[in-house]
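Data first, discussion second: the structure below is written as structure tokens.
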Amino acid sequence: MAASSPLLLRSLLRNSSITSLPRCTHQHNSIIRIERQLFHTTRYTQQSTFSPLRERLRELRRNGTPEIVFGGVVLAVVGIDYYLQQRNDQQRSKMIRQFEEEVKQDEEVSRKEERELINNNGGAGMKPKFQCVVRVVPQQFDGHKCLTNLKVGDVVNVLQEGVGPDNKYNLCSIERLADSSTAAEEKHNISVGWFPCSCLEKIEQTAPKK
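Its first residue numbered 0, the sequence shown is counted upward by one per residue in numbering that gives the first Met the number 0.
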């Protein structure tokens, strides 16, 4: 009896394995079937979710919407650039007008100061200290207090020495023939202004012989 017990146990295990094998196979097939159903369900759900978006994109492409949007963006960029350019042009024109107005005001101040200098220094009867001949005409010498339109060799009357910045200028005057004057009737205009001392050479007055 004891010797037959292992054989009996082995036979029982074999029989139980053979009996449970179809059951395990059936469960395995059920699990595979459920997984397939879940896979197909998930795939269908994804397709149903992205399908409207794809259809929408396809419809927009057929209607030419991307081209319309791109054209609108280009027009907007061009419009903004045109607006900025117009604004810059207006600012530039405004600055030019302001500069021209300042130049006109500067010219008016120059003429006014020139008239005051002439009147304050005796007008037609002014008495110069001495005379100088122009040896050098500085470049870009055109301030509203400067004596301009001179050329080398012109003779000027020095009314006051050591004026202006660092006392490097002389207050000079020169008589000019008026543009409207004729040979029969000569009219002279007097111009007064600063001129650099270094560009003038004093004319030495010779003492009269006794």
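The C-beta atom is built at its ideal place from N, Cα and C for all residues, glycine as well.
Among the residues of its own chain, which have a CB less than 8 Å from the CB of residue i, if the five just before and after it don't count?
| i | result |
| --- | --- |
| Lys144 | Ser109, Glu112, Gly163, Gly192 and Trp193 |
| Gln138 | none |
Determine the DSSP secondary structure at residue i, reduced to helix, strand or coil.
| i | result |
| --- | --- |
| Phe129 | strand |
| Gln138 | coil |
| Asn156 | strand |
| Gln204 | coil |
| Leu199 | strand |
| Leu146 | coil |
| Val108 | helix |
| Gly276 | Here the chain has residues from 0 to 209 only, and residue 276 is not among them. |
| Val221 | The question about residue 221 has no answer, for the chain in this structure spans 0 to 209. |
| Val102 | helix |
| Gly161 | strand |
| Trp193 | strand |
Out of the options, which one is the CA nearest neighbour of residue i?
| i | options | result |
| --- | --- | --- |
| Cys198 | Asp165, Leu149, Cys171 and Val136 | Val136 |
| Glu203 | Glu107, Glu58, Asn166 and Phe129 | Phe129 |
State yes or no: is the C-beta of residue i within less than 7 Å of the C-beta of residue j?
| i | j | result |
| --- | --- | --- |
| Val132 | Leu149 | no |
| Pro127 | Val157 | yes |
| Asp141 | Thr147 | yes |
| Asn166 | Arg175 | no |
Tell me which residues share the same chain as residue i and place their Cβ nearer than 6 Å to its Cβ, disregarding the 5 neighbours each side in the sequence.
| i | result |
| --- | --- |
| Val155 | Cys131, Cys171 and Ile173 |
| Met0 | Summary for Met0: the model assigns pLDDT 47, below 50, so the residue's position carries little reliability; its value from the coordinates is reported in the next sentence. Cβ neighbours of Met0 beyond the five flanking positions: none. |
Can a CB atom of chain C be found closer than 7 Å to the CB of residue i?
| i | result |
| --- | --- |
| Phe129 | Protein chain content of the structure displayed is limited to a single chain, and chain C is not contained in it. |
Does the beta carbon of residue i fall short of 6 Å from some heavy atom of the ligand HEM?
| i | result |
| --- | --- |
| Glu174 | In the structure shown, the ligand HEM is absent, as is every other ligand, since no ligand is present at all. |
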